[in-house]
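Going by numbering that gives the first Met the number 0, the residue at position 113 of the sequence shown is 112; the numbering climbs one at a time, nothing skipped.
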Amino acid sequence: MLPPYFTSLYRLFLRTSSASVLHQSSAVRNIRSLWRPVFTDAARVINKLQTNPSDLEKNSLQNRLKDWETQMDRTLSLLYASANSRGLPHQLTRNLSQLYHSEYERMSNRKYPVWNAQLPPRSHEYHIPAPDTTPKALNKEEKARQVQYLEDRAWNPLGLANGTGFKV
């Protein structure tokens, strides 16, 4: 059971996030999706604290929760400023929403293998091919790793800014 202050904070966040993007449904959904993991992780920490952990673990969890509360205070003040003005805070929340949406679209448009009911279950199309060790394939793999590294580096500061770096 989560304490009332946590649910109250979450409801305040929901109202503030909606106002910060002028109640535009897609932007509200994007902003909420961006911050939802933060609240989920904090709820896990609160639940762990309620299970009477050891003193060392309890201190660690309390410090994490205190840091999270500080981050959420700053987040709420940013969202409040975004709701009241059309300056930099509003542009930031709008851009965060658009960034989240474009990343979601990019990930959802990936081409994955599709099951074909006309093929037998042991068809060669379902077998995973052996890795290609030609120089061209290795270069392609290396380029894919570099792209993934660049994406991780681009999203990590955003995770720290919105608090998703908060892990249990």
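C-beta atoms are modelled at their ideal positions from N, C-alpha and C, and glycine is treated no differently.
- In the three-state reduction of the DSSP assignment, N51 falls in the coil class, being assigned neither a helical nor a strand state.
- Using a Cβ distance threshold of 8 Å, V44 and L75 do not count as a contacting pair.
- Spatial neighbours of L77 in its own chain (CB-CB distance under 6 Å, excluding positions within 5 residues in sequence) are listed in chain order as P88.
- Assignment of N108 by DSSP, reduced to helix, strand and coil, places it in the coil class.
- The DSSP-derived three-state label of V27 is helix.
- Contact check for V20 and S84: beta-carbon distance about 13 Å, past the 8 Å limit, so the pair fails to qualify.
- In the DSSP assignment, L8 falls within the unbroken alpha helix (DSSP H) covering P3 to S19.
- Each residue's CA atom was taken as its position, placing P2 and H100 some 32 Å apart.
- Secondary structure of W114 (DSSP, three-state): coil.
- Taking the Cα positions, D54 is about 10 Å away from L48.
- With a contact defined as Cβ atoms closer than 8 Å, L91 and S81 qualify at about 7 Å.
- Sorting A26, S24 and A41 by C-alpha distance to the C-alpha of Y9 places A41 at the top.
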